[in-house]
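Colleague: As they're listed, the protein sequences go chains A and B.
For the first sequence, the working numbering gives the first residue as 1, with consecutive numbering after it.
For the second sequence, the working numbering gives the first residue as 259, with consecutive numbering after it.
We put the CB at the ideal spot given by N, CA and C, even for glycine.
Note that this is a predicted model, so its numbers are computed, not measured.
I have a structure here, written as structure tokens, and I will follow up with some questions on it.
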Amino acid sequence: MRLAATARAGWRPVAVVVALLGAWELYVDLGGASTLILPAPRTVAQSLYDDRSLLWSNFLVTAQEVVLGILVAAAAAVALACAMHFFAVVRQSLYPLLIASQTLPIPMLAPVLVLWLGFGILPKLVVIAVVSFFSIVVTTLAGFASVDPDLLKLMRTFDAPRRRVFWSIELPTALPGVFTGAKITVIVAVIGAVFAEQAGANSGLGFLFSESIAQLQTARAYATVVLLSAFAILLFAALTAAERLATPWAHQPKETGS
Amino acid sequence: MAIEARPSQSGELHEPDAGDLAIRVECVSRTFRQRRGDIPALAEVSLSAAPGEIVAVVGPSGCGKTTLLELICGLQRPDSGRVRSAPAALMPQRDLLLPWASALDNAALALRARGVARDRAREQARPWLQRFGLAAFERARPAELSGGMRQRISFLRSLLAGKPVLALDEPFASLDAITRAEMQGWLARVLDAEPRTVVLVTHDVEEAVLLADRVVVLTARPGRVAAELPVAASRPRRRSEPEIVALRERVLETLGAA
Ligand SMILES: Nc1ncnc2c1ncn2[C@@H]1O[C@H](COP(=O)(O)OP(=O)(O)OP(=O)(O)O)[C@@H](O)[C@H]1O
Ligand SMILES: [Mg+2]
Numbered sequence: 001m002r003l004a005a006t007a008r009a010g011w012r013p014v015a016v017v018v019a020l021l022g023a024w025e026l027y028v029d030l031g032g033a034s035t036l037i038l039p040a041p042r043t044v045a046q047s048l049y050d051d052r053s054l055l056w057s058n059f060l061v062t063a064q065e066v067v068l069g070i071l072v073a074a075a076a077a078v079a080l081a082c083a084m085h086f087f088a089v090v091r092q093s094l095y096p097l098l099i100a101s102q103t104l105p106i107p108m109l110a111p112v113l114v115l116w117l118g119f120g121i122l123p124k125l126v127v128i129a130v131v132s133f134f135s136i137v138v139t140t141l142a143g144f145a146s147v148d149p150d151l152l153k154l155m156r157t158f159d160a161p162r163r164r165v166f167w168s169i170e171l172p173t174a175l176p177g178v179f180t181g182a183k184i185t186v187i188v189a190v191i192g193a194v195f196a197e198q199a200g201a202n203s204g205l206g207f208l209f210s211e212s213i214a215q216l217q218t219a220r221a222y223a224t225v226v227l228l229s230a231f232a233i234l235l236f237a238a239l240t241a242a243e244r245l246a247t248p249w250a251h252q253p254k255e256t257g258s
Numbered sequence: 259m260a261i262e263a264r265p266s267q268s269g270e271l272h273e274p275d276a277g278d279l280a281i282r283v284e285c286v287s288r289t290f291r292q293r294r295g296d297i298p299a300l301a302e303v304s305l306s307a308a309p310g311e312i313v314a315v316v317g318p319s320g321c322g323k324t325t326l327l328e329l330i331c332g333l334q335r336p337d338s339g340r341v342r343s344a345p346a347a348l349m350p351q352r353d354l355l356l357p358w359a360s361a362l363d364n365a366a367l368a369l370r371a372r373g374v375a376r377d378r379a380r381e382q383a384r385p386w387l388q389r390f391g392l393a394a395f396e397r398a399r400p401a402e403l404s405g406g407m408r409q410r411i412s413f414l415r416s417l418l419a420g421k422p423v424l425a426l427d428e429p430f431a432s433l434d435a436i437t438r439a440e441m442q443g444w445l446a447r448v449l450d451a452e453p454r455t456v457v458l459v460t461h462d463v464e465e466a467v468l469l470a471d472r473v474v475v476l477t478a479r480p481g482r483v484a485a486e487l488p489v490a491a492s493r494p495r496r497r498s499e500p501e502i503v504a505l506r507e508r509v510l511e512t513l514g515a516a
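Right, dumping it as structure tokens:
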């Protein structure tokens, strides 16, 4: 039912996109801008096809960076959130620093890291992890905080040790928060990857974009943007699907009664 | 299928030695201190239960019934007076089943809490599900169960904690009248087969009279003991028995006067 309703409403944004593309095409065809500066959608589509092997090989590089980066960030974030949850000292010591880490300007951080860590995948992973880490920590901590206090009382009357409460109650309660954080982070992770590649790389869509601009291959530059954006959407959808598989209880309609 | 009793570890709040009695609450007062003023919940409440006795506590909403149970379970400390009780397991007012766990795993939670390995805990809980008519729903998640089934699982979970005292907090309040009547008969049979010292909090006077050996009536907040009425009727009891009907009227009168 809901799926059908979504599908029926789904044509509206598609119609908007088609109309915008049409207007853009018309504008360029009527000579509104030089095709070197603003390629028409048709030309971009052509580039997507003609340059497909070039685009694909660079796409694989960026996709790998982003996926690995988010995984590294999620693992580190969950570990830190657990440490903060268990030890007030850790929370008090690190939470302010964590917020401070968000003020690091990524466009400047990226070249510094490349200088330090070289042209390989490592500086990219670090940049992506740094920009992704924070929101996953926050949403995971919020998950821990959402544990029902009455449930903790119940576990106390069962004489449950702290460890048992964590594995049986707290961790499963926090799990949906990990996914929420990862989903929020997809967009910034892709942006982080682009900055990191532009700071120093010889492959990846961010790198290909800069190179295409420099070579006045504007249509190809646009094609990389289209791919990056499609990738972000895809990744978001994949995470949503994984979330539904891993935490189905978090998506059921609220129980009635009791 | 007897469950061995285990000494409580939540000891510091608890004085396990209640003499010949399973529960001895002596002149207990409890006030919640809040910024907007103090909320007195219980005032000089005394109550005791012999081993194997079923004591019902009835009273208007907010009169401190849940507070009383938490005192007995050692989850709160009295401001004055003394609470001594054999180790008690709580059955909370909301069922608080874990939405991600199967009916079987929910029922086995108390076993897991005391360190029984997952497979063994399941093995031990399984025959009980069968006995409670839930064998077919072993793998079902709480969201797939009816209200009555959820309450049975919740009760079983507390029963399997293996404590000599059960503190039942309005176990059937969330159920519709028909299911509630069924569940009351069910609980009477279960406690007949599996005797425990029970404190049954309810605001259903008929339920109290049907199930208990003694009914303690509390006044509106702060809760004081308004009356204590023994229920001598033999079991099994029926709602329509004159003795039960007369006693129900008496409790209702006391409640009205309190
Ligand atoms: N942790 C708390 N902090 C502040 N006030 C509390 C707390 N717990 C209970 N109270 C107050 O104490 C009073 C008694 O609460 P309690 O939950 O024991 O009542 P109850 O008889 O179980 O009510 P109900 O029938 O609605 O379940 C209520 O007025 C409640 O607002
Ligand atoms: Mg209550």
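Could you give the first and the last residue of the continuous beta strand (DSSP E) run that contains B:E302?
Modeller: As a working note, residue 302 of chain B is residue 44 in the second sequence. In this chain, the beta strand (DSSP E) harbouring B:E302 covers G295 to A307.
Colleague: What does a CB cutoff of less than 6 Å around A:F179 pick up in its chain, not counting 5 residues either side in sequence?
Modeller: Locating residue 179 of chain A in the first sequence gives position 179, where the first residue counts as 1. Closer than 6 Å at the Cβ level, and outside the excluded window around A:F179, lie E243.
Colleague: Taking the DSSP output, what are the residues bridged to B:G481?
Modeller: To locate residue 481 of chain B, count along the second sequence from 1; it is residue 223. Partner(s): B:L300.
Colleague: Taking Cβ to Cβ, would you say A:W167 is nearer than 7 Å to B:P357?
Modeller: In the first sequence, counting from the first residue as 1, residue 167 of chain A sits at position 167. In the second sequence, counting from the first residue as 1, residue 357 of chain B sits at position 99. No, they are not a contact pair.
Colleague: Mind checking whether A:R220 and A:D51 have CB atoms under 7 Å apart?
Modeller: What you label residue 220 of chain A is simply residue 220 of the first sequence in a count that begins at 1. What you label residue 51 of chain A is simply residue 51 of the first sequence in a count that begins at 1. Yes; because the gap between Cβ atoms is below 7 Å, this pair is in contact.
Colleague: Select from B:E402, B:Q442 and B:W386 the residue whose C-alpha is nearest the C-alpha of B:L426.
Modeller: Counting from one through the second sequence, the residue named residue 426 of chain B turns up at place 168. When each option's Cα is compared against that of B:L426, the closest is B:Q442.
Colleague: Would you mind telling me which residues of chain A sit closer than 9 Å to B:D354, beta carbon to beta carbon, in chain order?
Modeller: The residue you call residue 354 of chain B lines up with position 96 of the second sequence. The sequence given here places Leu at residue 354 of chain B; Asp does not occur at that position. The answer, in chain order, is D148, D150, L151, L154 and S258.
Colleague: My output table needs one value for B:P400: the three-state DSSP class, helix, strand or coil.
Modeller: Within the second sequence, numbered from 1, the residue matching residue 400 of chain B stands at position 142. The answer is helix: DSSP assigns B:P400 an H, G or I state.
Colleague: Is the CB-CB distance between B:T512 and B:V475 below 7 Å?
Modeller: Against the second sequence, residue 512 of chain B aligns to sequence position 254. Against the second sequence, residue 475 of chain B aligns to sequence position 217. Yes, these two residues count as a Cβ contact at 7 Å.
Colleague: Please enumerate, following chain order, all residues with a beta carbon closer than 7 Å to at least one heavy atom belonging to ligand 2.
Modeller: B:K323, B:T324, B:Q351, B:D427, B:E428 and B:V459
Colleague: Counting only C-beta atoms, is A:F158 closer than 7 Å to chain B at any point?
Modeller: Here the question's residue 158 of chain A lines up with position 158 in the first sequence. Yes, A:F158 counts as interfacial toward chain B.
Colleague: Assign A:V16 to buried or exposed, taking buried as 16 or more other Cβ atoms, counted over all protein chains shown, within 10 Å of its Cβ.
Modeller: Reading the first sequence from its first residue, position 16 is the one you call residue 16 of chain A. Classification for A:V16: exposed.
Colleague: Taking only three categories from DSSP, how would you classify B:P488?
Modeller: In the second sequence, residue 488 of chain B corresponds to position 230, counting from 1. Note: B:P488 maps to strand in three-state DSSP.
Colleague: Any beta carbon of chain A sitting closer than 7 Å to that of B:R576?
Modeller: No information on residue 576 of chain B is available, as it lies outside the stretch 259 to 516 that chain B covers here.
Colleague: What in chain A is Cβ-close to B:C331, meaning under 9 Å?
Modeller: Taking the first residue of the second sequence as 1, we reach residue 331 of chain B at position 73. K153, R156 and T157, listed in chain order.
Colleague: Residues in its own chain within less than 7 Å of A:A241 by CB, not counting five upstream and five downstream?
Modeller: For the purposes of this step, residue 241 of chain A is taken as residue 241 along the first sequence, with counting starting at 1. For A:A241, where only same-chain residues beyond five positions count, there are no Cβ hits under 7 Å.
Colleague: Measuring from the CB of B:I297, is there a heavy atom of ligand 1 at a distance below 6 Å?
Modeller: For the purposes of this step, residue 297 of chain B is identified with residue 39 of the second sequence, where counting begins at 1. Yes; taking the cut-off as 6 Å, the Cβ of B:I297 has a heavy atom of ligand 1 nearer than that.
Colleague: When you compare only the Cα positions, how much space is there between A:A33 and A:P41?
Modeller: Taking the first residue of the first sequence as 1, we reach residue 33 of chain A at position 33. Taking the first residue of the first sequence as 1, we reach residue 41 of chain A at position 41. For A:A33 and A:P41, the distance between alpha carbons rounds to 13 Å.
Colleague: According to the neighbour-count rule (16 or more other Cβ atoms, all chains shown, within 10 Å of its Cβ), is A:F158 buried or exposed?
Modeller: Within the first sequence, numbered from 1, the residue matching residue 158 of chain A stands at position 158. Classification for A:F158: buried.
Colleague: According to DSSP, A:T180 sits in a beta bridge with which residue or residues?
Modeller: In the first sequence, residue 180 of chain A corresponds to position 180, counting from 1. Bridge partners of A:T180: none, in fact.
Colleague: Are the C-beta atoms of B:P429 and some chain A residue less than 7 Å apart?
Modeller: As a working mapping, residue 429 of chain B is identified with position 171 in the second sequence. Taking CB atoms only, B:P429 has no neighbour in chain A less than 7 Å away.
Colleague: Does the Cβ of A:F195 have 16 or more other Cβ atoms within 10 Å, making it buried, or fewer, making it exposed?
Modeller: Looking up residue 195 of chain A in the first sequence gives position 195. A:F195 is buried by the Cβ-count criterion.
Colleague: From B:G295 to B:G332, what does the alpha carbon distance come to, in whole angstroms?
Modeller: Position 37 of the second sequence holds residue 295 of chain B. Position 74 of the second sequence holds residue 332 of chain B. Straight-line Cα distance between these residues: approximately 25 Å.
Colleague: At a Cβ threshold of 7 Å, is A:P176 touching chain B?
Modeller: Working through the first sequence from its first residue, we reach residue 176 of chain A at position 176. Chain B, which has no Cβ nearer than 7 Å to the Cβ of A:P176, makes this no.
Colleague: Following a CB-centred definition, is B:G339 positioned closer than 6 Å to any heavy atom of ligand 1?
Modeller: Counting from 1 along the second sequence, the entry for residue 339 of chain B is found at position 81. The answer is no for B:G339.
Colleague: DSSP three-state label for A:A4, please.
Modeller: In the first sequence, the residue the question calls residue 4 of chain A occupies position 4. The answer is helix: DSSP assigns A:A4 an H, G or I state.
Colleague: Under 8 Å, with one C-beta from each stretch per pair, do the stretch 334-344 of chain B and the stretch 486-494 of chain B reach the 3-pair mark?
Modeller: no
Colleague: Within 7 Å of any Cβ in chain B, is that where the Cβ of A:L252 sits?
Modeller: Reading the first sequence from its first residue, position 252 is the one you call residue 252 of chain A. The amino acid occupying residue 252 of chain A in the given sequence is Gln; Leu does not appear at that position. By this cut-off, A:Q252 is an interface position.
Colleague: What residue range is occupied by the uninterrupted beta strand (DSSP E) comprising B:A391?
Modeller: Counted from its first residue, the second sequence places residue 391 of chain B at position 133. It should be noted that the sequence gives Gly, not Ala, for residue 391 of chain B. According to the DSSP assignment, B:G391 belongs to no beta strand (DSSP E), since it is labelled neither H nor E.
Colleague: Does DSSP put B:V374 in a helix, a strand or coil?
Modeller: Numbered from its first residue, the second sequence carries residue 374 of chain B at position 116. It is coil, neither helix nor strand.
Colleague: Let's see if you can read the secondary structure: which residues bound the beta strand (DSSP E) around B:A347?
Modeller: If you number the second sequence from 1, residue 347 of chain B lands on position 89. Here the beta strand (DSSP E) through B:A347 covers A346 to M349.
Colleague: Under 7 Å, Cβ to Cβ, is there at least one residue of chain A near B:P422?
Modeller: In the second sequence, counting from the first residue as 1, residue 422 of chain B sits at position 164. Answer no: the Cβ-Cβ gap between B:P422 and chain A never drops below 7 Å.
Colleague: Between A:V138 and A:T173, is the Cβ-Cβ spacing less than 7 Å?
Modeller: Position 138 of the first sequence, counted from the start, is the residue given in the question as residue 138 of chain A. Position 173 of the first sequence, counted from the start, is the residue given in the question as residue 173 of chain A. Result no, Cβ atoms of A:V138 and A:T173 do not sit closer than 7 Å.
Colleague: Pull out every residue of the stretch 213-244 of chain A whose Cβ sits closer than 8 Å to any Cβ of chain B, in chain order.
Modeller: For the stretch 213-244 of chain A, there are no residues whose beta carbon sits under 8 Å from a beta carbon of chain B.
Colleague: Where DSSP assigns a beta bridge to B:D462, which residues make up the other side?
Modeller: Within the second sequence, numbered from 1, the residue matching residue 462 of chain B stands at position 204. B:D462 pairs with nothing; no bridge assigned.
Colleague: Should A:A7 be flagged as near chain B, meaning a C-beta pair shorter than 7 Å?
Modeller: Taking the first residue of the first sequence as 1, we reach residue 7 of chain A at position 7. By this cut-off, A:A7 is not an interface position.
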